[in-house]
Amino acid sequence: MVAPGDRAATLRTSPTALPTMDEFLVSRLTPDELTLLLSKIQAALAGTPTSNVPLPTTHDPTALARQHSETNAEHVPAQIFSTELAPAEAVVKYLKEELGWNYHRIGVRLKRDERGIWGTYRRATRKMPTRFVITDPRYLIPLDVLCTRETSVLESVIGYLVDSLHLTFSEAATLLVKSYSTVYTTYTRASRKSGNTTPYNEEQRVKAPLKPQGGAQAPFGNPTGRKTTGGKR
């Protein structure tokens, strides 16, 4: 592990370190968060307490989520999978209510039957009548990732968070409000299905003890709501 002093020295001397850090911050923070971070850095350089830096004008979570959704219409926030809804129900509800898509468009985009989408949305609204409130829109899941038939929705989400966004199992568990064992098992199962012979290795990372969630939920277009043998879909 690099010591804090060594890391600071690297950032000062390496010509490639700063662009890499810039790309990381831009990919993880919203425009308002970047503005706030810049203000705090400027305040620190000027010797002003960073606690005196005001929040950006637009800092309402719902407004931030709406702004983010307008520019990311082909993505859904990973935070929607932390609710009591089944993953498929969360996706359909978000596309219907937050993006304003009709059943036909959702079905075509997700490669699912329109009637199944209608049933999934009805179940979602019964479980969760209120709309989503997205407070952390940094982690986005592309819809293309959710359209595969090889893995379940939850398997696809966790696989993308770990393999593409490089979250640890503990970080993914915290974001999705799942237990560490659920995330690890789901990721391992998805890796086997997709033929990944070199899955992510987190043996030396610290496990975060989190409360496990409830049982399996109904997948897309399953009006019976029966539990599946492969866990959540």
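Residues 7 to 239, numbered by our numbering, are exactly what the sequence shown covers, in order. Don't be surprised by glycine CBs; every beta carbon is placed ideally from N, CA and C.
Checking the DSSP bridge columns, you'll see Leu146 partnered with Pro83.
Beyond the five residues adjoining it in sequence on each side, Leu173 comes within less than 6 Å, by CB distance, of Leu167 in the same chain, given in chain order. Secondary structure note for Ile112: its alpha helix (DSSP H) is the uninterrupted segment Tyr109 to Leu116. Distance from the CA of Ile140 to the CA of Pro83, rounded to the nearest whole angstrom, comes to 8 Å. By the beta-carbon neighbour count (other beta carbons within 10 angstroms, threshold 16), Gln48 is exposed. Contact between Tyr100 and Phe138 holds, with the beta-carbon distance rounding to 6 Å and staying under 8 Å. Per DSSP, the unbroken alpha helix (DSSP H) holding Asp169 starts and ends at Val159 to Asp169. The residue from Glu161, Ser170, Thr180 and Lys102 with its alpha-carbon nearest to that of Thr192 is Glu161.
Residue Leu116 holds the alpha-carbon nearest to the alpha-carbon of Pro148 among Leu116, Glu156, Glu120 and Arg121. A straight-line Cα-Cα distance of about 31 Å links Val159 and Leu40. The beta carbon of Leu91 sits closer than 8 Å to those of Lys99, Ala130, Lys133, Met134 and Gln223, all from its chain and outside the five residues before and after it, given in chain order.
Residue environment: Thr157 is assigned as buried (16 or more neighbouring CB atoms within 10 Å of its CB, all protein chains considered).
Per DSSP, Glu95 is one residue of the alpha helix (DSSP H) stretching across Pro93 to Glu103. The Cβ neighbour count for Ala52, taken over all protein chains shown within 10 Å, is under 16; the residue is labelled exposed. DSSP places Lys199 in the helix class (H, G or I) of the three-state scheme. In the DSSP assignment, Ala178 falls within the unbroken alpha helix (DSSP H) covering Phe175 to Leu182.
For Trp124, same chain residues with a beta-carbon under 7 Å away, outside a window of 5 residues either side, are Tyr109 in chain order. When the Cα atoms are used, Leu146 and Ala178 turn out to be separated by approximately 13 Å. When the alpha-carbon of Val151 is set against those of Gly122, Lys184, Ile164 and Arg121, the nearest one is in Ile164. Straight across, the Cα-Cα distance linking Thr154 with Leu44 is about 39 Å. Only residues of its own chain outside the window of five on either side were considered, and among them Ala96 and Met134 have a CB closer than 7 Å to the CB of Thr89, listed in chain order.
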